[in-house]
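Here the structure comes first, spelled out in C-alpha cells, and everything after it is commentary.
Residue numbers (our numbering): 13 to 287.
Take a look at the structure:
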C-alpha cells in the first residue's frame, strides 16, 4: 500500500519505490510460506495455520484486494495471496475432522461452515475499519500531505493497512505458538515455513514501515507509537520463541498408524481407550 504516495522534498526520491520493494519482498516470502504450508499439511494430514489467524488473513486480503487497493500490482498481489489461501482453506476443512477427533468432533465435522461464518465476520470488521478510515482525509497519525488515494490527498492507506495487518499478525504469531503447545505436534508446520513467515513479516510490516518513518517521520510516527510497539514487539517475541517451541514439540511427537503426526498425549489417550 502507499505506492502512489508523493514524498516531501526533504525525503530521497527513492523512498517510495524502496518501500514498495520491501513490501514486495514481504509478499513473496508470505506466498512461499503459503505454498510450503499447504504442501506440509497434505504430507502430515493436518493444517498449519490457526483458524483465527487464517480467518483474519483471508478476510483482510479480500477487503484490501477488492476495496482498499488502488494500483493494479497491489490488486495482483492480493489476488495471488487469495489463490494461495485456497490451499490453506482446503487443508483446514479436509483434515479438521481428524485433528479435532479427540477434542471436539462437532468443530471438526463442521469446519467448512465455521470458516464461512468467521470469514463473513472478518470481512465485516475489516470493511468497517477501512471504510471509516477512508471516509475523510487526515485520518491517522501526523501530517497526511502527500498521501494520495484515487487522486485525493490526505488518505493514508499505508497506516490503515499497518494497523489492520498488525492486529492480524499479532493474532497469527501468538496463536501459532499456542497451537503447537496445545496440539503437541508440528503437523502443517516446519522450520522453513516459520522462516518464510518471519522474513515476510520483517520486510512487509517492519523494515518497510521503519524506512518510511526514518525519512518521512511527520506522516509515519505511528510506527513508534506505544500501541505499535506493543503489537509489533509482542508479535516479534512470539515469532522468535516459535522455533524453540517447535523443536521441543518435535522431540515428543509421534507418527500415528494412519501416518498423521500426533502429540504423545494423544497417543497415550488412544492407548487407554483401546484397553
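No residue lacks a Cβ here, since even glycine has one placed at the ideal position from N, Cα and C. Since this is a predicted model, take the numbers as computed values, not measurements.
Original post:
Closest by CA to residue 73, which one among 268, 253, 225, 86?
Top reply: Cα-wise, what sits closest to residue 73 is 86.
Subject >> Endpoints, the alpha helix (DSSP H) within which residue 109 is located >> reply: Looking at the DSSP string, the run of the alpha helix (DSSP H) that includes residue 109 is 84-111.
Original post:
Quick one, which of 127, 162, 177 has its alpha-carbon nearest residue 139's?
Top reply: If you compare the alpha carbons of 127, 162, 177 with that of residue 139, the shortest gap goes to 177.
Original post:
Taking C-alpha atoms, which residue in 128, 129, 107, 131 lies nearest to residue 120?
Top reply: The candidate whose alpha carbon is nearest that of residue 120 is 107.
Original post:
Between the C-alpha atoms of residue 49 and residue 61, what's the straight-line distance to the nearest angstrom?
Top reply: Here the C-alpha atom of residue 49 lies approximately 8 Å from the C-alpha atom of residue 61.
Original post:
Rounded C-beta distance between residue 17 and residue 160? I'm assuming under 8 Å.
Top reply: About 6 Å; that satisfies the 8 Å criterion.
Original post:
Any idea what DSSP makes of residue 146, helix, strand or coil?
Top reply: DSSP places residue 146 in coil when its eight states are reduced to three.
Original post:
Taking Cβ positions only, does residue 174 come closer than 8 Å to chain D?
Top reply: Included in the structure is just one protein chain, with no chain D present.
**OP:** Inspect the beta-carbon positions of residue 95 and residue 47 and report whether they are closer than 8 Å.
**Re:** No. Outside cutoff.
**OP:** Taking residue 105 as the reference, give the member of 270, 81, 31, 126 with the closest Cα.
**Re:** Ranked by how close their Cα comes to the Cα of residue 105, the residues 270, 81, 31, 126 have 126 in first place.
Original post:
What is the DSSP secondary structure of residue 161, reduced to helix, strand or coil?
Top reply: The three-state reading of DSSP puts residue 161 in strand, counting E and B together.
**OP:** Indicate whether the contact test is met: 3 or more Cβ pairs, each with one atom in the region 234-246 and one in the region 214-223, closer than 8 Å.
**Re:** The region 234-246 is in contact with the region 214-223.
**OP:** Taking residue 32 as the reference, give the member of 117, 93, 187, 218 with the closest Cα.
**Re:** The shortest C-alpha to C-alpha distance from residue 32 to any of 117, 93, 187, 218 is the one to 218.
**OP:** May I ask you to list the residues that DSSP assigns as paired with residue 266?
**Re:** Partner(s): 274.
**OP:** Note down the Cα distance separating residue 169 from residue 184, rounded to an integer number of angstroms.
**Re:** So the two alpha carbons sit approximately 22 Å from each other.
Original post:
With DSSP run on the structure shown, which of helix, strand or coil describes residue 115?
Top reply: Three-state result, residue 115: coil.
Original post:
With 16 other CB atoms within 10 Å as the buried threshold, where does residue 190 fall?
Top reply: Residue 190 comes out exposed.
Original post:
Which of the three DSSP states, helix, strand or coil, is assigned to residue 73?
Top reply: Of the three classes helix, strand and coil, the one that applies to residue 73 here is helix, per DSSP.
**OP:** Inspect the CB distances between the region 52-67 and the region 127-137 and report whether three or more fall short of 8 Å.
**Re:** As far as the Cβ criterion goes, the region 52-67 touches the region 127-137, which means the pair count is three or higher.
Original post:
So, helix, strand or coil for residue 29, using DSSP?
Top reply: Reduced to three states, the DSSP call for residue 29 is helix.
Subject >> Span of the alpha helix (DSSP H) around residue 210 >> reply: Here the alpha helix (DSSP H) through residue 210 covers 203-213.
Subject >> Through-space distance from residue 23 to residue 334, alpha-carbon basis >> reply: For the chain, the structure presents residues 13 to 287; residue 334 sits outside this window and is missing.
Subject >> Between the CA atoms of residue 260 and residue 287 - distance to the nearest angstrom >> reply: In this prediction, residue 287 has a pLDDT of 43, which is less than 50 and means its spatial position is unreliable; what the coordinates show is noted afterwards. Cα to Cα, residue 287 sits roughly 29 Å from residue 260.
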